[in-house]
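Each residue of the sequence shown is one higher than the last, beginning at 1 in full-length UniProt numbering.
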Amino acid sequence: MTLELITIPCRSDNYAFLVHDAATGETALFDAPETAPIKAELDARGWTLTDLFITHHHGDHIEGVDDLRAAYGCRVVGGKHDAGRLPALDKAVEPGDVLSFAGHEVQVFAADGHTIGHIAFYMPDAKAAFTGDSLMALGCGRLFEGTPEQMWGTLSRLMALPDDTLICSGHEYTAANARFALSVEPQNADLIHRAEQTTKLRENGEFTVPSLLSLEKATNPFLRAGLPEMKKAVDMEHDGDAEVFAAIRRAKDNF
Numbered sequence: 001m002t003l004e005l006i007t008i009p010c011r012s013d014n015y016a017f018l019v020h021d022a023a024t025g026e027t028a029l030f031d032a033p034e035t036a037p038i039k040a041e042l043d044a045r046g047w048t049l050t051d052l053f054i055t056h057h058h059g060d061h062i063e064g065v066d067d068l069r070a071a072y073g074c075r076v077v078g079g080k081h082d083a084g085r086l087p088a089l090d091k092a093v094e095p096g097d098v099l100s101f102a103g104h105e106v107q108v109f110a111a112d113g114h115t116i117g118h119i120a121f122y123m124p125d126a127k128a129a130f131t132g133d134s135l136m137a138l139g140c141g142r143l144f145e146g147t148p149e150q151m152w153g154t155l156s157r158l159m160a161l162p163d164d165t166l167i168c169s170g171h172e173y174t175a176a177n178a179r180f181a182l183s184v185e186p187q188n189a190d191l192i193h194r195a196e197q198t199t200k201l202r203e204n205g206e207f208t209v210p211s212l213l214s215l216e217k218a219t220n221p222f223l224r225a226g227l228p229e230m231k232k233a234v235d236m237e238h239d240g241d242a243e244v245f246a247a248i249r250r251a252k253d254n255f
């Protein structure tokens, strides 16, 4: 495997991600919250940015796009259905499209919910999904534009990826998300352990992102909305999965 994945902290709590192919020298960036830390990482490693993939239009994911394009001449890729709110795109993509980066597949997933037109990218060779503000570490994005049904569809698609997929999400929200998750499933042993580990990581100034999909499925309350034990925990044993998800999302919004 020639791919290297680098997590870059940006702004106050954002993350961007670099994927570098050593065989070709090509480097891809997923989301561009700001210019300086991304450029510093590239320059320190002697890498040239060739591709820039955007998940959605919010400023804390696209602020650095134009500066980085000017500096490196990279190809900018984003969702066709969100193109009117994104920086100029060299390649507009739709869910179901498959792109090539340095000879590796990049699959495009619909990820509506947080926004309409949000997309996620999955690179099988890197075993990584770049989910922006859809599926997040111990959480999911607030529903600013989409419906609970749309977000549940997004999460269901992402849950179908292999369990060893790294979920590369856009923010360091894990500690706050853990506090909410424990209020919903206080007896979940995996969740208790993850919350403890999260506290230790943050106390040491370490990242909690990316995270394994298998860990999210065991601990993230939003992914667990379809499970009998979660439905029992929220007293919704006879409700549909999307309805349970919607109730958990409302509870988080008011937590």
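C-beta: ideal position from N, C-alpha, C; glycine also. The structure displayed is predicted, hence computed values, not measured ones.
Nearest candidate by alpha-carbon position, reference residue i, set the options
i, options, result
"L68", "G146, H58, K80, I54", "I54"
"N220", "F207, N204, S156", "S156"
"H193", "A175, D60, E206", "A175"
"G103", "T50, C10, A120, D112", "T50"
"H171", "A44, D60, L201", "D60"
"T24", "D164, G146, F101", "F101"
Straight-line gap, residue i to residue j (C-alpha atoms, nearest Å)
i, j, result
"R38", "N14", "First, the residue type needs correcting, since residue 38 is Ile and not Arg in the sequence shown. Each residue's Cα considered, the two are about 12 Å apart."
"P228", "A242", "13 Å"
"A251", "S134", "17 Å"
"V98", "V106", "6 Å"
"E149", "Y173", "23 Å"
"C40", "I8", "A small correction: the amino acid at residue 40 is Ala; Cys does not occupy that position in the sequence shown. A40 and I8: Cα-Cα distance of roughly 10 Å."
"A22", "I116", "35 Å"
"F30", "E216", "21 Å"
"M236", "P186", "17 Å"
"E206", "L212", "16 Å"
"E145", "H81", "14 Å"
"A71", "M123", "25 Å"
"R45", "R224", "39 Å"
"L191", "L182", "7 Å"
"G84", "D66", "15 Å"
"H238", "L52", "44 Å"
"A233", "P87", "43 Å"
"T147", "D112", "8 Å"
"L89", "R11", "23 Å"
"A247", "A218", "19 Å"
"V184", "Q197", "19 Å"
"V249", "R75", "The sequence as given places Arg at residue 249; Val does not occur at that position. Taking the straight line from one Cα to the other gives about 36 Å."
Beta-carbon spacing of residue i, residue j below 8 Å
i, j, result
"K91", "V108", "no"
"G64", "E94", "no"
"T208", "A137", "yes"
"H114", "H56", "yes"
"C168", "F222", "no"
"F255", "F180", "yes"
"T48", "T27", "yes"
"A195", "A178", "yes"
"P210", "A126", "no"
"A16", "I62", "no"
Exposure label - residue i; buried when at least 16 CB within 10 Å
i, result
"A160", "exposed"
"T131", "buried"
"E203", "exposed"
"A120", "buried"
"K231", "buried"
"H118", "buried"
"G73", "exposed"
"G79", "buried"
Expected contact under 8 Å - CB spacing of residue i and residue j to nearest Å
i, j, result
"M151", "L158", "Actually they do not touch by this definition, with Cβ atoms about 11 Å apart."
"V19", "L5", "6 Å"
"S214", "D163", "4 Å"
"A110", "T154", "7 Å"
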